[in-house]
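Below you'll find the structure, written out as structure tokens, and then a few comments.
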Amino acid sequence: MSNNENQIFSKGNLLPENLSKYFIGRVYLQKLTDKGGPITNVTFEPGSRNNWHIHHKSGQILLCIQGRGWYQIWGEEPHELKQGDVVEILPEVKHWHGAAKDSLFSHLAMEIPADGSSVEWLEPVDDEFYNKLS
Ligand code: MN
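Dropping the structure here:
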């Protein structure tokens, strides 16, 4: 699949190994700015997604810019995401986000600055569950 021509922002590079172990599939990162809270362009190839995780102390905002994807909070139904959707993720909420199985998906990830913030990476999203999403 050709990914670049419709991208608004630079796609960047495949995840480094210290992050890719917490993702399934091929995902690209491009840091756009470090001023204020960091903003990163994250591009998920079809079928790719991150593991369940928790942003401790710092919230996260996703600005969806291309394709179709999913976001799910632990214990809730998944939400379909498309271009123009804005997702506000509160600190301490277990969740995952990523592409639909048949679509590229990209979002900007904005981290709300907070002292002592961290990400806790947890288990992968269940394949059987993910593959039923449509
Ligand atoms: Mn997140």
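Those letters in the sequence shown? Residues 0 to 133, by numbering that gives the first Met the number 0. Positions of the beta carbon are idealized from the N, C-alpha and C atoms, including for glycine.
Contacting residues, own chain, Cβ-Cβ under 8 Å from Met0 (five flanking each side not counted): At Met0 the pLDDT is 41, less than 50, meaning the model places this residue with poor confidence and gives no usable figure here.
Closer than 8 Å: His55 CB and nearest the ligand MN heavy atom: no
Bridge partners - Ser117, DSSP secondary structure assignment: His55
Check: Asn197 C-beta below 8 Å from any heavy atom of the ligand MN: The question about residue 197 has no answer here: the residues shown for the chain are numbered 0 through 133.
Simplified DSSP state of Phe8, which is helix, strand or coil: coil
Pick from His78, Asp84, Phe8 and Leu61 that is closest to Leu31, judged by C-alpha positions: Phe8
Per DSSP, cross-strand counterpart(s) of Val86: Leu61
Integer Cβ distance of His78 from Asn49, believed to fall under 8 Å: Between Asn49 and His78 the Cβ distance is about 15 Å, and since that is not below 8 Å, they are no contact.
First and last residue of the uninterrupted beta strand (DSSP E) at Tyr27: Val26 to Thr32
Nearest to Trp51 (by Cα), restricted to the options Lys81, Gln65 and Ile88: Ile88
Bridge partner(s) assigned by DSSP for Leu13: Tyr27
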